[in-house]
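Residue numbers (the working numbering): 188 to 588.
Ideal Cβ placement from N, Cα and C applies to all residues, glycine included.
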């Protein structure tokens, strides 16, 4: 004859009361098993071992509460994520792994199950064994939930740190606090890096889409042997690429992940502490980029020197004078003379030769020297624009021999 519901409930409460009185004994036995069967448990600090013991005791108490309330009832479904893990600090998820947590909870359940037959009558023990099997499944789900929640919180915190580091680089405030934040993200502050800047893609309409975009950038960077820190500031996407040798080549791997418009690449900086030099050049080039709509993607910030000068960038102005005009003056006066005549004659070799009373090959030779010395070829339209501005700015600054 099947017992009535009231009889079953009475039996469950009676069995739970017996087990409740044995909770201390069961928890002690579980801890002893962990100490003997799990080497990682022995290596924990005394405080962490205490927290683990509290989780085990909470798990046993929750099982008894759940069983006494009616293990087959939907309303009695245990809230294990709160009751078992609520007392433990979040940092514990960084001390023991999900697998280790599952193992220790499983072991504690095995200890309870092994003692049931000695503590209860056969009829009660059979029902408790069935309940333990269902409870073990709930424990597995609860443990995974706790670790997933902790991972989500760590991800949100890491994203915040990442945004702070990128923002500090753009504002030229890479002090010790910023270096410490970058270190917390696993970033090597001593590696060479470059700042890549462009429009934010319209694709990431929400936080999930933005996370997916950042993960794709990091994935591609790792494939190239690089590291990446990402942030969106207004309508701009900013990426710090670490471990770069050729900044433009490195940026090419992620250029298509930016929105429409220019993608500019700052020069390589020796480390995070000097990253503001790369950021400053990239920002100046990005602001001036509308003046050169045909620019390739990506393009080095130095390729925008003419536009940056016209936009009032003092660093670009000094660069043209110091890195182009002054070397030409220091090399040979005939180079400045030839370059000036070449531009004045509409970039005609023959007209330049006639103006200087030299052979055309002499003009070609001197222009090749200009290209070798400055890295800019007078015969290329873009390079010619840069060279002409360098001549004008150099003369204005009166930097002559």
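Have a look at residue i and residue j and give me their C-alpha separation to the nearest angstrom.
i	j	result
residue 309	residue 217	23 Å
residue 530	residue 575	8 Å
residue 372	residue 352	10 Å
residue 578	residue 584	10 Å
residue 441	residue 482	17 Å
residue 366	residue 429	14 Å
residue 340	residue 350	Note that residue 340 scores a pLDDT of 48, beneath 50, so its modelled location is shaky and nothing firm can be said.
residue 546	residue 570	24 Å
residue 202	residue 220	24 Å
residue 491	residue 347	32 Å
residue 507	residue 412	33 Å
residue 241	residue 230	17 Å
residue 456	residue 398	27 Å
residue 494	residue 476	7 Å
residue 463	residue 431	16 Å
residue 551	residue 527	14 Å
residue 296	residue 312	14 Å
residue 317	residue 303	11 Å
residue 536	residue 360	50 Å
residue 357	residue 465	9 Å
residue 204	residue 243	18 Å
residue 307	residue 210	14 Å
residue 566	residue 505	23 Å
Going by DSSP, what residue range makes up the beta strand (DSSP E) through residue i?
i	result
residue 420	414-420
residue 383	380-386
residue 426	423-429
How far does the alpha helix (DSSP H) with residue i in it extend, from its first residue to its last?
i	result
residue 554	547-561
residue 519	No alpha helix (DSSP H) contains residue 519, which DSSP labels as neither H nor E.
residue 211	210-224
residue 464	462-475
Tell me which same chain residues have a C-beta within less than 8 Å of the C-beta of residue i, skipping the five on either side of it?
i	result
residue 200	255
residue 299	206, 213, 217, 247, 250, 319
residue 404	415, 417, 426, 441, 444
residue 388	400, 424, 444, 445, 446
residue 458	376, 377, 378, 379, 380
residue 160	Past the edges of the chain, shown from 188 to 588, lies residue 160, and the structure says nothing about it.
residue 540	546, 547, 549, 550
Who does residue i pair with in a DSSP beta bridge?
i	result
residue 451	384, 486
residue 456	380
Please go through the same chain and pick out, in chain order, the residues whose beta-carbon is closer than 7 Å to the beta-carbon of residue i, but skip the five residues on each side of it.
i	result
residue 538	532
residue 422	386, 387
residue 384	423, 425, 451, 469, 470, 473
Between which residues of its own chain and residue i is the CB-CB distance below 6 Å, once the five residues before and five after are set aside?
i	result
residue 534	none
Evaluate the contact criterion for the segment 462-472 versus the segment 486-500: three or more CB pairs, one atom per stretch, below 8 Å.
-> yes
Does the segment 401-411 come close enough to the segment 445-457 to have 3 or more Cβ pairs within less than 8 Å?
-> The answer is no - the segment 445-457 does not touch the segment 401-411, with fewer than three Cβ pairs under 8 Å.
At a cut of 8 Å, does the segment 508-519 reach the segment 551-569 through at least three beta carbon pairs?
-> yes
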